[in-house]
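Okay, so the sequence shown: first residue is 19 according to the numbering used here, each after it adds one.
Let me begin by presenting the structure, written as structure tokens, before commenting on it.
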Amino acid sequence: MPSPELQAAREAAQAAADVIRGLYQRNLAVRTKADQTPVTEADIRSEEVIREILTKRFPSFGFYGEETGQHDVGAESVWLVDPIDGTKSFVRECPFFSTQIALMRAGRFVLGVSSAAVYGEFAWAEAGAGSYLNGEAIRVSTVAALGASIISTGNLKTLARSAQWTKLGELVGRVGRIRGYGDFVHYHLLARGALEAVIESDVNILDIAALSVIVREAGGTFTDLEGADLTLSTTSALASNGRLHPQILSALI
């Protein structure tokens, strides 16, 4: 049985999906926020629905939302919510966007829901209870050879301006295949064993918190590009099937 927290997060994601599907391909007005990222009516309304459900069920929990702000982020338990991770894709009518809901408890991400309303995937995980995609249990691959691996990259602008760019190029020459699925897609693929690693350098913790739980509970490893555990200030990601994590990390640092 899912915990009350997981049940609430899944219900909130499904409620948000109803809002998002109703507004998709509706040519919504786009406003640019102070951080130069876009926001639409769909972002705001879907986060409002999520916030209403979660704060009603768990009024003592903190809330860290992409669009509607933060409260009590120093609480023992804090919800992290990105109602539409991939607003640019949403605006361009490309289905590669998702709703991300995570729960952080005592500084550790313990629950994650990743709902891709239009793409048609719904993933969730909770610490100690495994990972699921569309109701089926999922596991990472057992590939242990770098030359047989598939690695997906995304959001590499910062990496491209750093000394690690050359190292990434050398790594690309050693792997079996390189792809760039991006956003939630490559993390879902990793968690279900369809590829071995994901490398990203320009992320917000709201983009990856839930996905980190899903990957970990599927048997994988999730750190930043320096090998550190995720925190609220994390801005990069290295996720893998675990077996290849040390090799990839050592190749990049």
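Each residue gets a CB set at the ideal place from its N, CA and C atoms; glycine is no exception.
Does the contact criterion of 3 or more C-beta pairs under 8 Å hold for the region 169-187 versus the region 133-144? Short answer: they don't touch.
Please determine if the region 212-222 and the region 124-136 are in contact, where contact requires at least 3 C-beta pairs separated by less than 8 Å. no
Run the CB neighbour count on alanine 124, radius 10 Å, all protein chains shown included, and call it buried at 16 or more, exposed below. Numbered from its first residue, the sequence shown carries residue 124 at position 106. Classification of alanine 124: exposed, given that the 10 Å Cβ count is below 16.
Answer yes or no: the CB of leucine 121 versus the heavy atoms of the ligand PLP, is any distance below 7 Å? The model depicted lacks the ligand PLP and carries no ligand whatsoever.
Determine the closest residue to proline 56 out of Glu85, Ser64, Arg75, with distance taken between C-alpha atoms. The residue labelled residue 56 in the question sits at position 38 within the sequence shown. When only C-alpha atoms are compared, the closest one is Glu85.
Between Arg75, Arg110, Gly104, Glu65, which lies nearest to glutamine 88 when the distance is taken from Cα to Cα? Here residue 88 refers to the residue found at position 70 of the sequence shown. Selected option, being the one with the closest Cα: Glu65.
Which complete alpha helix (DSSP H) runs does the region 88-140 hold, if anything under 4 residues is left out? 105-109
C-alpha distance - leucine 230 paired with aspartate 242, whole-angstrom precision: Working through the sequence shown from its first residue, we reach residue 230 at position 212. Working through the sequence shown from its first residue, we reach residue 242 at position 224. What sits at residue 230 in the sequence shown is serine, not leucine. The C-alpha of aspartate 242 is placed about 11 Å away from the C-alpha of serine 230.
Note the first and the last residue of the continuous beta strand (DSSP E) segment covering phenylalanine 81. Along the sequence shown, read from residue 1 onward, the residue named residue 81 stands at position 63. It spans 80-83 - the beta strand (DSSP E) in which phenylalanine 81 sits, taken as one unbroken run.
Which of helix, strand or coil does DSSP assign to valine 190? By 1-based counting over the sequence shown, the position of residue 190 is 172. If DSSP states are grouped into helix, strand and coil, valine 190 belongs with the helices.
Beta-carbon proximity of tyrosine 205 to alanine 163, cut-off 8 Å: Position 187 of the sequence shown, counting from 1, holds the residue named residue 205. Position 145 of the sequence shown, counting from 1, holds the residue named residue 163. In terms of Cβ geometry, tyrosine 205 and alanine 163 do not form a close pair [threshold 8 Å].
Answer yes or no: do aspartate 103 and aspartate 225 have a C-beta to C-beta separation smaller than 8 Å? Stepping through the sequence shown from its first residue, residue 103 is reached at position 85. Stepping through the sequence shown from its first residue, residue 225 is reached at position 207. Yes, Cβ-Cβ distance for aspartate 103 and aspartate 225 is below 8 Å.
Which residue wins for smallest C-alpha separation from glycine 80, given the options Met122, Pro264, Tyr199? For this step, residue 80 is matched to residue 62 along the sequence shown. Measuring from the Cα of glycine 80, the nearest candidate turns out to be Met122.
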